[in-house]
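Colleague:
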Amino acid sequence: MRERATHIAIADDAVVAGEVPCSGPIVDIVGTGGDGHDTLNISTTAAILAAASGCRVAKHGSVSSSSLSGSADVLQRLGVAMLAPEGISPSIAAAGIAFMFAPNFHPAMRHVAPVRRALGVRTIFNVLGPLLNPANARRLVLGVWSPKLLQPYADALLSLGSVEHALVVHCCGLDELAPIGVADAIEIADGKAVQTSIDTVAIAGPACGIADLKGGGPQHNADAITELLEGGDVAANSAVGRTVALNAAAALYVCGKSATIHDGFKVAQAALASGKGAVVLRRWATHCRTATA
Numbered sequence: 007m008r009e010r011a012t013h014i015a016i017a018d019d020a021v022v023a024g025e026v027p028c029s030g031p032i033v034d035i036v037g038t039g040g041d042g043h044d045t046l047n048i049s050t051t052a053a054i055l056a057a058a059s060g061c062r063v064a065k066h067g068s069v070s071s072s073s074l075s076g077s078a079d080v081l082q083r084l085g086v087a088m089l090a091p092e093g094i095s096p097s098i099a100a101a102g103i104a105f106m107f108a109p110n111f112h113p114a115m116r117h118v119a120p121v122r123r124a125l126g127v128r129t130i131f132n133v134l135g136p137l138l139n140p141a142n143a144r145r146l147v148l149g150v151w152s153p154k155l156l157q158p159y160a161d162a163l164l165s166l167g168s169v170e171h172a173l174v175v176h177c178c179g180l181d182e183l184a185p186i187g188v189a190d191a192i193e194i195a196d197g198k199a200v201q202t203s204i205d206t207v208a209i210a211g212p213a214c215g216i217a218d219l220k221g222g223g224p225q226h227n228a229d230a231i232t233e234l235l236e237g238g239d240v241a242a243n244s245a246v247g248r249t250v251a252l253n254a255a256a257a258l259y260v261c262g263k264s265a266t267i268h269d270g271f272k273v274a275q276a277a278l279a280s281g282k283g284a285v286v287l288r289r290w291a292t293h294c295r296t297a298t299a
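The working numbering puts the first residue of the sequence shown at 7, with every later residue one more than the last.
1. Starting from Ile-54 and walking both ways along the alpha helix (DSSP H), at which residues does that stretch end?
2. Alpha carbons only, please: which of Gln-157, Thr-298, Leu-166 and Leu-163 is nearest the one belonging to Ala-191?
3. Excluding the 5 residues preceding and the 5 following Ala-228 in the sequence, name in chain order all residues of the same chain whose CB lies nearer than 6 Å to its CB.
4. Helix, strand or coil for Ile-231? Go by DSSP, reduced to three states.
5. Does any C-beta atom of chain C lie closer than 8 Å to the C-beta of His-66?
6. With respect to the alpha helix (DSSP H) encompassing Ser-95, which residues constitute its N-terminal and C-terminal limits?
7. Within 10 angstroms of its Cβ, does Thr-206 collect 16 or more other Cβ (buried), or is it exposed?
8. Are the CB atoms of Ala-284 and Gly-270 nearer to each other than 8 Å?
9. Going by CA-CA distance only, name the one from Leu-173, Gly-221, Asp-218 and Ala-195 that's closest to Ser-203.
10. Please classify Ala-92: is it buried, with 16 or more other beta-carbons within 10 angstroms of its beta-carbon, or exposed?
11. Measuring straight from C-alpha to C-alpha, what distance separates Arg-288 and Thr-298?
12. Val-286 lies in the alpha helix (DSSP H); which residues open and close that run?
13. Please say whether Ala-208 and Ser-59 have beta carbons closer to each other than 8 Å?
14. Using the Cβ count rule (16 or more neighbours within 10 Å means buried), how would you classify Lys-198?
15. By the three-class DSSP mapping on this structure, what secondary structure does Arg-145 have?
16. Determine the DSSP secondary structure at Asp-181, reduced to helix, strand or coil.
17. Out of curiosity, what's the CA-to-CA distance linking Thr-266 and Pro-153?
18. Is Ser-49 near Val-36, with beta carbons less than 8 Å apart?
19. Check Val-121 in the structure and name its three-state DSSP category.
20. In the DSSP output, what is Ala-257 paired with across the bridge?
21. Give the DSSP-derived three-state secondary structure of Lys-272 in the structure shown.
22. Express the C-alpha separation of Thr-296 and Thr-69 in angstroms, rounding to a whole number.
23. What residue range does the beta strand (DSSP E) around Thr-191 cover?
24. Quick one: what's got a C-beta closer than 7 Å to Asp-41's C-beta in the same chain, skipping five residues either side?
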């Protein structure tokens, strides 16, 4: 599949998002998926930790199409119910985070989802998903499965005029940041895109391997995420813990909550160690149960 900025932007306009009004700076941590490594649901866990660290998060996602566990799959195992559009803003107010299940906001995707799952490969919806946030999140950490997608996504974001501050990242084969090497990135701010790199090991070392981040099915990942978010020094310093904190740190940075990703990492890792992530998850799940009762 060859993705170009103009194709991405045109397709994005074609799949109209039902906008959800949300006040204040909103961030999404999202990946295209399709990197083939079946890691734990890193961006979903990082979104919870970012909320626990002071960000207002509106995460957009769906069930798995080409991996073992999608964001919606694992969140439902964690007790987070899928909310209707009118429930998103109250969820952010109550827990600092909300999840927007794509088929609830893009009706056409209800018909596409079974096809994507049957194909089991990357499709145009892997490409579009990160750009279709119904809350119009203007702060974005967007991971892509190939470094060749960095520039097209950056150009598309600039063309759409949809962000104030964003990082488009690819790290050593992953569509998210991890302390495994130097990540390629494009930072978008003030209407400009600047190529840069992120020394993830310098920020969140020691270095780990992709195998250290492996996940499984939705229940396996939900159990692992629950244990991780309970906190403690062992969890916060594990390979997965440092990876989750690194991605949450990127969110803190684009939200203006930290001056650098390195500073944000210290904040996020401390929040993880303290168990604040588990507090947010419980509060979020409780709110969703009440809202859907």
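Ideal placement from N, C-alpha and C gives every residue a C-beta, glycine not left out.
Remember, it's a predicted structure, so these values are computed and weren't measured experimentally.
Modeller: The structure says:
1. Here the alpha helix (DSSP H) through Ile-54 covers 48 to 58.
2. The option with the nearest alpha carbon to Ala-191 is Gln-157.
3. Taking C-beta separations shorter than 6 Å and ignoring five residues to either side along the sequence, the partners of Ala-228 in its chain run Val-80, Arg-83 and Leu-84, following chain order.
4. Ile-231: helix per DSSP, three-state reduction.
5. In summary, chain C is missing from the structure at hand, where a single protein chain is found.
6. In the DSSP assignment, Ser-95 falls within the unbroken alpha helix (DSSP H) covering 94 to 101.
7. For Thr-206, the number of other beta carbons within 10 angstroms of its own is at least 16, and it is reported as buried.
8. In terms of Cβ geometry, Ala-284 and Gly-270 do not form a close pair [threshold 8 Å].
9. Comparing alpha-carbon positions, the option among Leu-173, Gly-221, Asp-218 and Ala-195 lying closest to Ser-203 turns out to be Leu-173.
10. Here residue 92 turns out to be Glu, not Ala, going by the sequence shown. The residue in question, Glu-92, is exposed, as its Cβ has fewer than 16 Cβ neighbours within 10 Å.
11. Rounded to the nearest whole angstrom, the CA to CA distance from Arg-288 to Thr-298 is 16 Å.
12. 282 to 298 is the span of the alpha helix (DSSP H), which, as asked, contains Val-286.
13. Against a cut-off of 8 Å, the Cβ pair of Ala-208 and Ser-59 comes out as no contact.
14. So Lys-198 counts as exposed.
15. Note: Arg-145 maps to strand in three-state DSSP.
16. Note: Asp-181 maps to coil in three-state DSSP.
17. Cα atoms of Thr-266 and Pro-153: separation of roughly 23 Å, rounded to the nearest angstrom.
18. When the beta-carbon positions are compared, Ser-49 and Val-36 come within less than 8 Å of each other.
19. Residue placement at Val-121 cannot be trusted, given a pLDDT of 42 that sits under 50; what the coordinates show is reported in the next sentence. Val-121: helix per DSSP, three-state reduction.
20. Per DSSP, none; premise fails for Ala-257.
21. Three-state result, Lys-272: helix.
22. The question names Thr, but residue 69 is Val in the sequence shown. If I take the Cα positions, the gap works out to 23 Å.
23. One point to set straight first is that residue 191 is Ala, not Thr, in the sequence displayed. DSSP places Ala-191 inside the beta strand (DSSP E), whose first and last residues are 188 to 195.
24. Take Asp-41, set aside five residues on each side of it, and the residues of its chain with a beta-carbon closer than 7 Å to its own are Trp-151, Gly-179, Leu-180 and Asp-181, in chain order.
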